[in-house]
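Novice: Sharing a structure, written as structure tokens. Questions coming.
2 protein chains.
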Amino acid sequence: MAITIVDVALKAGVSPSTVSRVISNDSRISQKTSKKVRKIMEELGYHPNMMAKSLVTKTTHNLGIILPRPAEELFRNQFFSEIIRGIVTKAASSGYDVLMTTGINADEEEAAVRRLVQGRVVDGIIMLSSRQDEHIISFLKDRNFPFVLVGRSEHHADIISVDNDNVAAAYDVTKKLLEQGHERIAFMSGPANLTVSKDRFSGYHKALLEAGFPLRNEYICEAGFTAESASQAAMDLMNLKNRPTAIITIDDVIAFGVIRTLWNNGMLVPEQCSVVGFNNTIMSEMCLPPIASVDIGIYQMGISAAHTLISTIKGEGYGQARIIVPHQLIWRESVSVPDASNVKTTG
Amino acid sequence: MAITIVDVALKAGVSPSTVSRVISNDSRISQKTSKKVRKIMEELGYHPNMMAKSLVTKTTHNLGIILPRPAEELFRNQFFSEIIRGIVTKAASSGYDVLMTTGINADEEEAAVRRLVQGRVVDGIIMLSSRQDEHIISFLKDRNFPFVLVGRSEHHADIISVDNDNVAAAYDVTKKLLEQGHERIAFMSGPANLTVSKDRFSGYHKALLEAGFPLRNEYICEAGFTAESASQAAMDLMNLKNRPTAIITIDDVIAFGVIRTLWNNGMLVPEQCSVVGFNNTIMSEMCLPPIASVDIGIYQMGISAAHTLISTIKGEGYGQARIIVPHQLIWRESVSVPDASNVKTTG
DNA sequence: ATTTTTTATGCAAACCTTTGCACAATGTTT
DNA sequence: AAACATTGTGCAAAGGTTTGCATAAAAAAT
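Okay, here's the thing in structure tokens:
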């Protein structure tokens, strides 16, 4: 039988209420009593039962994370370890623990959320959105339950979210390539229906327009989630009469696939073609050549998400906000000024 | 005000006990009552308050994970996302959530553990040991609190742990290289004080002995945690009169560092020297050339750890066990049969 | 028709805290 | 010395479940 607050009270010759007040540093307790009680607590190795505490305070000091469903696939993407690291770090330093759960399918996922929310298991929830969780978002909103979305919701504008600006990031990358003299810049997305694909394409498009270059369909292509999936698209690009001098890819993995494909076919990066990735994963700095990429501040997003959620739980403002974490271009050897022989060709 | 079990009971015209029994599928409840109560629960959107439940059952259905302290550094290593993925997946499918916490320093870490254990926040704990947590292990053991260690404890033999066999893995790698005709095999560890460095070295040593080859000091060297740290050691090896025909490194990152260093100095892998990594991270399959590595089943370790912990919590056996997850050699292009011109040189 | 067994339900205590309110003791003002 | 303010503590209710035991109703056995 574990030792409780009344054991401490008895031994200290005070009431449980007093012990409770000592623990919460209630100003009304005298120095003397406080010291005495603390000593007994120490002696007995007392630690409050959090369940009992939560039951009365209606507070758990837990932050919930719903892991994206096909955990299998998505976890590979360094994204999740990075963001969770951010969340846990911030949470811990604010006195919160992080509770993770996941569901095998949409129904189970929703059940998990209900369990956490209605079962009062967590004080707030961070949704790692990579798909349509609109249903769950509605559920949380209806109940006015504290939550923040990492990413972007298409249907709900009036929620708290933490995200990066993919349009701006792609715009910056494209613009920088243009400044370096590249004129024939290709864009290789992931699966086209992903928001991130669309957003980054927009940025690319915008920069091109601004610089007065037309959008050329043969420079726009699509890969999947894997390096292999980039192969065909890469070769198609390089077989064009006016091959691009630079390729912007939507992810380091795809950039990797492109570089490997070119290499396998006797073409060097960046000599024959510059390649840019996204997300600045370990891979990008390790590759030969190291891949220029965009650090979209994933760790920082985790920190921000936890911070914002905790503020919301405590009722310190927010309530509605869209927090954008700044990105940063990381220029590496996979990019160079376009080769003279390539540059002069025009489309 | 949230809706409680008595709201349901009232509306269904039964007592709270009955509702409780309906929820837990108590066999004594009649079909009719059960159906009636379930309908009301549905209507009212009732969900039990887990805190209250935990308070009386002394059970939380939470698994705790203590994240290694310098979370910063270690998280980079894909290890943690993999293992957590395994843990969460298994936990979820067994009706458990996973609660993560961390401490900034040793004291905070211990405080966190006490909070979880004595505060009855979790039913069991998974320790991700990468350092001396002996103190915490003692604490858990003394209290007879369910926990499993991922890794190995030097001081405590009689605990449940999940690990891979690094000695055997390195032995297998070395043996395979010997079989391919390599005779001059170097070994590059990480920081030498790490258990993993020691174990893998043992395996290497053992295979060499068995094959009748002497241990040659100039072939044993040490790198750090990063690719850069491997540079000097790699060049030292290649500058030897009898340069090795193969290098076994303790981690893919180090293998990567070696490959890059050789490349920068005009040497090709595997033509000039074969290189083997460890851990089979994304990097190893993405590298040019892809790195032969050892899959030590990290995801599977997560699964096993969660599985074993849950069994222990439920009192289904275990109690003391050392579970070894099998490894698997993943042979890739960074290894080839030694070049004839290299082979004939002898030391 | 009575007793026994079985089946289905309810009562109330217990789990461990926190906290509003009342109260006692001490110190301060008139 | 009386009235008042201040300070420190305790009482008891509340929070939402589960569960051992008792009991009522129904079914089965005598």
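Those protein sequence lines, which keep their order, are chains A and B.
Per full-length UniProt numbering, numbering of the first sequence is gapless, rising by one per residue and ending at 347.
Per full-length UniProt numbering, numbering of the second sequence is gapless, rising by one per residue and ending at 347.
Cβ coordinates follow ideal geometry from the N, Cα and C atoms, glycine included.
Here the structure is a predicted model, which is why all the values come from computation and not from measurement.
1. Pairs of beta-carbons, one from the region 207-217 of chain B and one from the region 149-162 of chain B, closer than 8 Å: are there three or more?
2. Spatial neighbours of B:F145 within its chain, please: CB distance less than 6 Å, with the 5 preceding and 5 following residues excluded, ordered by chain position.
3. Report the three-state DSSP secondary structure of B:L329 (helix, strand or coil).
4. With three or more C-beta pairs closer than 8 Å as the rule, is the region 79-86 of chain B touching the region 300-307 of chain B?
5. At a Cβ cut of 7 Å, what residues of the region 259-284 of chain B count as close to chain A, listed as they run along the chain?
6. May I ask you to report which of helix, strand or coil DSSP gives A:R322?
7. Let me confirm a value: A:H61 is counted as buried when at least 16 other C-beta atoms fall within 10 Å, else exposed. Which label applies?
8. Is A:A192 buried or exposed, if buried means 16 or more other CB atoms sit within 10 Å of its CB?
9. Which residues does DSSP list as the beta-bridge partners of B:C221?
10. Between the region 241-249 of chain A and the region 39-47 of chain A, do at least 3 Cβ pairs fall closer than 8 Å?
11. Considering only C-alpha positions, which residue in the set A:V258, A:I137, A:I66, A:N25 is nearest to A:H156?
12. Taking contact to mean 3 or more Cβ pairs, one atom from each stretch, closer than 8 Å, check whether the region 111-126 of chain A and the region 47-58 of chain B are in contact.
13. Please name the residue, chosen from B:P68, B:V37, B:N264, that lies closest to A:L288 on a Cα-to-Cα basis.
14. Return yes when the Cβ of B:A207 is within less than 8 Å of the Cβ of B:T174, no when it is not.
15. Against chain A, with Cβ distances strictly below 8 Å, would B:S334 count as a contact?
16. Within the same chain, show all residues whose beta-carbon is closer than 7 Å to that of B:I23, passing over the 5 residues directly before and after it, in chain order.
17. Among B:E285, B:H307, B:N217, which one has its Cα closest to the Cα of B:I185?
18. Can you give me the C-alpha to C-alpha distance between B:L99 and B:T281, rounded to a whole angstrom?
19. For the UniProt domain "HTH lacI-type" (3-57) of chain A, list every residue whose C-beta sits within 7 Å of some C-beta in chain B, in sequence order.
20. Using the rule of at least 16 other Cβ atoms within 10 Å of the residue's Cβ for burial, across every protein chain shown, is B:A2 buried or exposed?
21. Taking A:N166 as the reference, give the member of A:A234, A:V325, A:Q78, A:G317 with the closest Cα.
22. Can you have a look at B:L124 and say buried or exposed, based on whether 16 or more other CB atoms are within 10 angstroms of its CB?
23. Which residue comes first and which comes last in the beta strand (DSSP E) that contains A:S161?
24. How many whole angstroms separate the CB atoms of B:V14 and B:V37, which I take to be in contact at a CB cut-off of 8 Å?
25. Terminal residues of the continuous beta strand (DSSP E) containing B:F147?
26. Are the CB atoms of B:G203 and B:A233 within a distance shorter than 8 Å?
27. Which word fits B:E316, buried or exposed, when buried means at least 16 other C-beta atoms lie within 10 angstroms of its C-beta?
28. Would you kindly report the start and end of the unbroken alpha helix (DSSP H) that includes A:M41?
29. Can you tell me whether B:V276 is helix, strand or coil according to DSSP?
30. Using a Cβ-Cβ cut-off of 8 Å, state whether B:S229 counts as contacting chain A.
31. Which bits of chain B does A:G119 rub up against, with CB to CB less than 7 Å?
32. Pick from A:R332, A:A12, A:V294, A:S336: whose alpha carbon is nearest that of A:K39?
33. What residues in its chain sit with their C-beta under 7 Å from that of B:S20, if we drop five residues either side in the sequence?
34. Does the CB of B:F80 have a neighbour CB from chain A at under 8 Å?
35. Helix or strand or just coil, what does DSSP make of B:N105?
Specialist: Taking the coordinates as given:
1. no
2. V117
3. Strand, per DSSP.
4. Here the region 300-307 of chain B lies against the region 79-86 of chain B, with 3 or more beta-carbon pairs under 8 Å apart.
5. R260, W263, I282, M283
6. strand
7. By the C-beta density criterion, A:H61 is buried, having at least 16 other C-beta atoms within 10 angstroms.
8. exposed
9. B:M188
10. When C-beta atoms of the region 241-249 of chain A are compared with those of the region 39-47 of chain A, fewer than three pairs fall below 8 Å, so the two segments do not count as touching.
11. Relative to the Cα of A:H156, the nearest Cα in the group A:V258, A:I137, A:I66, A:N25 belongs to A:I137.
12. yes
13. B:N264
14. yes
15. no
16. P48
17. B:N217
18. 25 Å
19. H47, P48, N49, M50, M51, A52, S54, L55
20. The residue is exposed, with fewer than 16 neighbouring Cβ atoms inside 10 Å.
21. A:V325
22. Correcting the residue identity first, residue 124 of chain B is Gly in this sequence and not Leu. Buried: at least 16 other Cβ atoms inside 10 Å.
23. Secondary structure note for A:S161: its beta strand (DSSP E) is the uninterrupted segment 160-164.
24. 6 Å
25. 147-150
26. no
27. exposed
28. 31-44
29. strand
30. no
31. H47, P48, N49, M50
32. A:A12
33. I5
34. yes
35. coil
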